[in-house]
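Visitor: Per our numbering, the very first residue in the sequence shown carries number 1; after that it's consecutive.
Can you read through this structure? Questions will come right after.
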Amino acid sequence: STMEETDREAVATAVQRVAGMLQRPDQLDKVEQYRRREARKKASVEARLKVQSSINLSCQVMLRTLNLTGNEELRKNHLRVTFREVAVTQHLLRIFEYFKIISFKLFQKNYYSCFPACFLVLLLSVPEIVRETQDLIERGELLQAHRKLMDLECSRDNLMYEQYRMDSKNTHDMNLIHTYFGDMQKLSEELAKQLWMVVQRSLVTVRRDPTLLVSVVRIIEREEKIDRRMLDRKKQTGFIPPGRPKKWKEKMFNILERTVSTRIEGTQADTRESDKMWLVRHLEIIRKYVLDDLLVAKTLLDQCFPPHYDIFNRLLNMYHQALSTRMQELAAEDLEANEIVSLLTWVLNTYKSTEMMGNSELSPEVDVNSLNPLISQNVVDQLLSKYMSTLTSNIIGWLRKALETDKKDWIKETEPEADQDGYYQTTLPAIVFQMFEQNLQVAAQINEDLKTKVLLLCLQQMNSFLTRYKDEAQLYKEEHLKNRQYPQCYVQYMIAVINNCQTFKESIISLKRKYLKIEMEDTLSSSHTSMDATLDIIAKEGCSSLLDEVFMDLEPHLNELMTKKWLMGSNAVGTICVTVEDYFNDFAKIKKPYKKTMTVEAHRRVVVEYIRAIMLKRISFKNAEERKEGAERMIKEAEQFRFLFKKLAAGSGEDTEGLCDIIEAIAEVIKLTDPSLLYLEVSTLVSKYPDIRDDHIAALLTVRGDASRDMKQTIIETLDQGPSQPNPNYVPIFKEITVPTLTVPKLLK
């Protein structure tokens with residue numbers, strides 16, 4: 001029979017195959033291996049046969065229906081009965097047209113072999129699979145949902161491909177297939193939505209549920225493979241299914257990029273109106289978020305993606321780009337000076353520091369030296385230029401305000417504060433240099449060049465400021481002279497102004513030492529010299545005005561000198577000494593370099609005023625006794641002055657005794673009893689003090705009271721020829737003293 005023949009043929013074929021396998025002795029070792037392989041093939045064939053037989057019934061039913069007579073209505077009725085018998089829903093009527101097409105085109109042309117055996121069953125199950133897939137998506141079982149979606153897409157794509165091969169221009173038939181699988185497109189979009197939600201929250205998801213993220217990446221990878229396969233087929237055949245390529249990997253990176261941008265932009269919680277420190281807070285939150293995100297990306301996210309995604313470096317670039325965009329937006333705003341500094345410090349320093357991209361945990365993946373600048377040098381320069389311009393006007397304003405505030409203190413009825421050494425001072429130098437210091441510290445955060453520029457600016461403005469300070473001190477003195485009772489603490493505040501000059505000098509040196517490189521010293525030397533000169537003028541004028549104050553009080557007592565009242569025993573010099581000492585109790589609050597100057601100048605002025613009193617010729621001694629009495633009084637008073645100023649100059653190391661010697665030398669000329677020795681005595685005086693003029697000698701001889709006009713003439717003429725031998729340390733004193741004309745004494749009397 002036919003069965004027996006078939007069996008015999010099978011056995012013969014098997015013998016032939018076995019003989020072919022065992023031609024060499026060494027192949028006997030592989031007998032077991034061959035047996036297992038043949039067993040697997042047999043099992044596979046049997047499984048296919050079972051599937052085929054189960055499908056055949058469905059196929060026969062369908063084919064029978066499809067091959068009925070051409071009566072269209074009858075064919076539809078048969079189909080309805082058949083579908084009802086197999087309990088399939090009404091939707092199958094929609095694919096009737098399709099089967100009409102393929103019944104004649106596919107099957108008659110022997111294309112049926114292109115489809116998998118279970119194709120018709122799958123086709124009938126489309127709505128059910130769509131529902132199951134929808135449920136899986138809603139339950140978050142994304143991998144299984146995607147598996148079903150792939151099966152559906154594969155069926156549709158194969159059908160469309162076969163249709164394309166048969167008749168590529170037949171869009172009507174292609175649309176039928178596309179319409180039938182319409183719900184599948186929505187499923188794909190729904191699944192994509194779920195994927196992008198996971199991607200958006202990837203830095204959170206990776207900590208809580210890394211498996212979910214891995215599933216999403218696997219789905220994207222599957223889609224990428226299908227995209228590649230479809231694109232390859234397009235090159236060969238020209239056909240590509242609708243919706244391909246999906247480019248889900250590219251979309252994923254776009255989603256990540258948008259997420260990063262939103263993350264950066266969303267960190268600004270405040271505005272300048274609500275919080276002065278808005279920018280500092282904004283930048284600090286950005287720093288923290290970016291560092292945290294990148295650490296998570298490096299330690300956790302990297303493990304969830306295939307190496308070729310290079311996910312960490314891609315994210316790093318996204319963050320860098322988003323930060324660059326944000327920093328440029330901030331730079332374009334109308335920033336205040338302190339905000340410019342905050343931004344530049346962050347961009348130029350913080351970003352690459354260990355607090356951020358230079359963090360050791362990001363190394364070696366992040367190399368700060370290879371990071372591009374967040375903003376261009378041009379933008380940096382514009383910001384710095386704006387900063388310097390704003391800072392200049394700010395400093396001018398601050399200095400003006402500081403001086404105005406200080407001036408208000410000058411008219412207070414309470415004494416100024418003293419420093420730890422007891423020297424009077426005002427807060428002006430501290431305020432000015434604290435402000436300079438703050439701006440220099442801020443500039444130093446940005447870079448060395450800006451720090452130097454700010455220092456030059458500070459000192460340049462300081463120079464202008466000191467000129468104003470000098471003018472204000474002068475005005476203060478002039479206002480006081482209009483009414484010496486006001487201000488009440490004029491002397492004390494003038495002392496504070498003088499002391500401030502020394503503090504300013506020390507502060508300038510300190511500031512330069514701290515913030516200026518040695519090689520830059522020369523650029524500031526002229527400016528420094530100019531400031532020192534101005535400060536010395538302020539201090540000198542201040543000291544001078546204080547001495548004016550003293551001598552205005554001394555004036556009535558100085559007017560008593562060398563008068564009859566004085567000769568009869570006035571205590572004018574005693575009062576002068578007490579008054580000077582009283583003032584110098586206040587002057588003790590003047591800092592040393594200026595206090596020393598004050599003492600020397602006071603001593604000098606007292607002696608000058610004393611000699612001026614002699615030269616005023618207010619008295620002319622009548623006889624030797626008066627001359628002796630007057631001379632001894634002068635010597636005694638010179639000693640009083642010497643004692644006073646020695647006491648005031650204690651510790652200063654200043655030798656001032658020579659000044660009082662002049663009074664004593666004049667007294668010796670007056671005291672001389674032998675007129676024949678008068679020339680000798682006068683010539684000794686002139687040789688010691690060569691700036692004595694003829695009118696001084698004439699006045700001195702007039703006070704002596706016993707020299708005739710001829711004698712005066714002879715002595716003066718003879719002196720003009722004599723040599724002079726002054727003390728090398730002698731500072732001319734007589735040139736300051738004018739002698740009144742003859743009419744003046746008469747008017748005074």
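Glycine included, each C-beta is placed from N, C-alpha and C at the ideal position.
Please report the Cβ distance between Ile576 and Val600, rounded to the nearest whole angstrom; I am assuming they are in contact, meaning their Cβ atoms lie under 8 Å.
Guide: Actually they are not in contact, since the Cβ atoms of Ile576 and Val600 sit about 17 Å apart, beyond 8 Å.
Visitor: Going by C-alpha to C-alpha distance, which of Arg618, Leu203, Val214 and Met520 sits closest to Glu448?
Guide: Of the candidates Arg618, Leu203, Val214 and Met520, the one whose C-alpha sits nearest the C-alpha of Glu448 is Met520.
Visitor: Closer than 8 Å is the cut-off here; do at least three beta carbon pairs connect the stretch 467 to 474 with the stretch 560 to 568?
Guide: With the rule of 3 Cβ pairs closer than 8 Å, the stretch 467 to 474 does not count as touching the stretch 560 to 568.
Visitor: Under the assumption that Pro429 contacts Ala496 (Cβ atoms under 8 Å), give the Cβ distance between them as a whole number of angstroms.
Guide: Not confirmed; about 10 Å, so no contact.
Visitor: In terms of alpha-carbon separation, which member of Val731, Asp293 and Asp173 lies closest to Gln163?
Guide: With distances taken between Cα atoms, Gln163 lies closest to Asp173.
Visitor: What's the C-alpha gap between Ser507 and Phe433?
Guide: 7 Å
Visitor: Hey, is Ile614 close to the ligand ZN, as in C-beta under 7 Å from one of its heavy atoms?
Guide: Among the ligands in the structure shown, none appear at all, so the ligand ZN cannot be discussed.
Visitor: Which of the three DSSP states is assigned to Tyr583 in this structure?
Guide: helix
Visitor: Going by the beta-carbon positions, is the gap between Cys458 and Ile498 smaller than 8 Å?
Guide: Their beta carbons are not under 8 Å apart, which means Cys458 does not touch Ile498 by this criterion.
Visitor: What residue from Asp661, Glu413, Gly243 and Ser274 has the CA that sits closest to Tyr493's CA?
Guide: The residue with the shortest Cα to Cα distance from Tyr493 is Glu413.
Visitor: Helix, strand or coil: which one does DSSP assign to Ala533?
Guide: helix
Visitor: Here's the rule I'm using: 16 or more other beta-carbon atoms within 10 Å means buried, otherwise exposed. How should Ala322 be labelled?
Guide: buried
Visitor: Who are the Cβ neighbours of Leu391 in its own chain at under 6 Å, not counting the five residues just before and after it?
Guide: Ala337
Visitor: Any idea what DSSP makes of Tyr161, helix, strand or coil?
Guide: helix
Visitor: Report the CB separation of Tyr319 from Val290 in whole angstroms; it is logged as a contact under 8 Å.
Guide: 6 Å
Visitor: Using 8 Å as the threshold, is the C-beta distance between Met435 and Met531 below it?
Guide: no
Visitor: In angstroms with no decimal places, state the Cα-to-Cα distance between Lys408 and Leu535.
Guide: 21 Å
Visitor: Helix or strand or just coil, what does DSSP make of Tyr469?
Guide: helix
Visitor: Give the single residue among Leu371, Asp334 and Lys592 whose Cα lies nearest to the Cα of Gly422.
Guide: Closest by alpha carbon: Lys592.
Visitor: With a threshold of 16 other CB atoms inside 10 Å of the CB of Phe643, please say whether the residue is buried or exposed.
Guide: exposed
Visitor: If you run the structure through DSSP and keep just helix, strand and coil, what is Leu68?
Guide: Unreliable positioning characterises Leu68 in this predicted model, as indicated by a pLDDT of 49, which lies under 50. A coordinate reading is not provided.
Visitor: Keeping to the same chain, check which residues put their C-beta closer than 6 Å to that of Tyr730; ignore five residues upstream and five downstream.
Guide: Here the set comprises nothing.
Visitor: Does DSSP classify Ala418 as helix, strand or coil?
Guide: In the structure shown, Ala418 sits in a strand (DSSP, three-state: E or B).
Visitor: What number of angstroms, rounded off, separates the C-alpha of Leu586 from the C-alpha of Leu678?
Guide: For the record, residue 586 in the displayed sequence is Asp; it is not Leu. Whole-angstrom Cα-Cα distance: 45 Å.
Visitor: Find out if the Cβ-Cβ distance for the pair Phe239, Tyr161 is shorter than 8 Å.
Guide: yes
Visitor: With a threshold of 7 Å on Cβ separation, who are the neighbours of Val573 within its own chain once the five nearest residues in sequence on each side are excluded?
Guide: Glu637 and Gln640
Visitor: Could you check if Asp710 is buried or exposed, using at least 16 other CB atoms within 10 Å of its CB as the buried criterion?
Guide: exposed
Visitor: Name the two residues that bound the continuous alpha helix (DSSP H) containing Leu384.
Guide: Gln377 to Trp410
Visitor: From the DSSP output, in three-state form, read off Val11 for me.
Guide: Helix at Val11.
Visitor: Is Tyr515 helix, strand or coil when you go by DSSP?
Guide: helix
Visitor: Tell me which residues share the same chain as Ile611 and place their Cβ nearer than 8 Å to its Cβ, disregarding the 5 neighbours each side in the sequence.
Guide: Ile662, Ile663, Ile666, Ile733, Phe734 and Ile737
Visitor: Could you name the residues of the same chain whose beta carbon sits closer than 7 Å to that of Val739, not counting the 5 residues immediately before and after it, in chain order?
Guide: Correct list, in chain order: Met615, Asp695, His696 and Ala699.
Visitor: Phe268 to Ser342, Cα distance in whole Å?
Guide: One point to set straight first is that residue 268 is Gln, not Phe, in the sequence displayed. Computed Cα separation, rounded: 15 Å.
Visitor: On the three-state DSSP scale, how would you describe Tyr34?
Guide: Of the three classes helix, strand and coil, the one that applies to Tyr34 here is helix, per DSSP.
Visitor: Look at the alpha carbon of Leu558 and the alpha carbon of Glu625, and state the distance between them as a whole number of angstroms.
Guide: 24 Å
Visitor: List, from N- to C-terminal side, the alpha helix (DSSP H) runs of 4 residues or more that fit wholly inside the stretch 274 to 351.
Guide: 278 to 299, 311 to 331 and 337 to 348
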